[in-house]
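Asks:
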Amino acid sequence: MKRYILVIAMIFVIVLTASACSSNEINEPSAKAPAERDVVLNITTTNKLLYYMVKDIVGDKHYVDYMFKNEKEIWDFKYTEDSLNNIAKKDLFIYIGGNYEPWMVSFTDTIKKSKVGIINASRGVKLLNLSKSRNYNNREIKENPYYWMSIDNYKIALLNIKNAVQDKDPKNRQFYEQNFSNKIKSIEEKEVKLKKLSSTFKESYIGLHDDYTEYLIEYLGLKSIKLQDLFKNEEEIKKFDESMKDKKGKAIFFYVEDSNKEFYEPLIEKYSMKAIKVQGIVGSKEYSEMLSDLL
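In our numbering, the protein residues as written are 224 to 518.
1) Can you tell me which of the three DSSP states arginine 346 falls into?
2) Pick out the complete beta strand (DSSP E) segments inside the region 441-496, 3 residues or longer, and give them in chain order.
3) In the DSSP assignment, find the beta strand (DSSP E) that holds aspartate 433 and state where it starts and stops.
4) So who's on the other strand from alanine 498, going by DSSP bridges?
5) Determine the contact status of serine 427 and lysine 473, defining contact as a CB-CB distance below 9 Å.
6) Considering just the uninterrupted stretch of the beta strand (DSSP E) at phenylalanine 291, what are its terminal residues?
7) How close, in whole Å, do the beta carbons of tyrosine 442 and isoleucine 384 come, if the pair is a contact with beta carbons under 8 Å?
8) Taking 9 Å as the cut-off, decide whether the C-beta atoms of serine 507 and asparagine 322 are in contact.
9) Within the continuous beta strand (DSSP E) that includes lysine 408, where are the two ends?
10) Do tyrosine 510 and isoleucine 410 have their beta-carbon atoms positioned less than 9 Å apart in this structure?
11) Have a look at isoleucine 460 and asparagine 376 and give me their C-alpha separation to the nearest angstrom.
12) Please classify tyrosine 370 as buried or exposed, where buried requires at least 16 other C-beta atoms within 10 Å of its C-beta.
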């Protein structure tokens, strides 16, 4: 009898132990799903202007770099297999467009696009033609690439950049949207001041030595005259003199290189023009800083 009770007790203990083990196995909490990691993008732009624009959108969330320090480096660039492979490894490659990078069509056609997203920042911008076309490797370039000098065009380019980043990192869409809105707001504050300043020149001609600032002049609704044509056309000189008769001290001369100002110094002095150096036009300055130079 004792042996029988002992066997029953042992069976009871075994059943309880098995039940406990089974219960523990079923109720053991599952491992937590790993938190969704933030995407870290590698973004390359062609110049510093675009670099600053991308940084305005992404802040320090992603890696951003640029290829060229100035326009001359862009025009002298001859791409290689290494440069193609380097860009192919990026997440985003953003370029100015409008033939600012005259080799871009061939370059992007050759890149392996399995990973990299290629963004033309000028998409949706209406381009003007140059008054005198440029040649690149026996190819005629007619488009005026400095479209960002129109604030409206700058906003389009910034929107293209914001949309491209959001597509690659939708999780942080609102973050990019907020950064975009903040940048547009800061630009529009300068825009108001610039338009107010430009209104004082509505009846004046703006002296230009080239096509670089044509988008800005058109955006502000101002009249301009190419000063290089002034020396060749006596009728234009008379018209210019007549228009400036009551406008002395109220005209602006935009220039990029110091040599431009030196060449036109007699005209600048004659009409008491305000000479403004616009460095940002060649893509080396942050946009807000460039606008501040104009105010």
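Every residue, glycine too, gets a C-beta built ideally from N, C-alpha and C.
Replies: According to the structure shown:
1) Coil at arginine 346, not helix or strand.
2) Counting only runs that start and end inside the region 441-496, the beta strand (DSSP E) elements of at least 3 residues fall at 446-449 and 475-478.
3) Counting along the chain, aspartate 433 falls outside any beta strand (DSSP E), and DSSP gives it neither H nor E.
4) BP columns for alanine 498 point to Phe476.
5) Result yes, Cβ atoms of serine 427 and lysine 473 sit closer than 9 Å.
6) Per DSSP, phenylalanine 291 belongs to no beta strand (DSSP E) and is neither H nor E.
7) Under the criterion of beta carbons closer than 8 Å, tyrosine 442 and isoleucine 384 do not qualify as touching, at roughly 20 Å.
8) No, the pair does not count as a contact, with Cβ atoms beyond the cut-off.
9) Unbroken run through lysine 408 is the alpha helix (DSSP H), 396-421; no beta strand (DSSP E).
10) Going by C-beta atoms, isoleucine 410 is nearer than 9 Å to tyrosine 510.
11) A straight line joining the alpha-carbon of isoleucine 460 with that of asparagine 376 spans about 32 Å.
12) With 16 or more Cβ atoms within 10 Å of its Cβ, tyrosine 370 is classed as buried.
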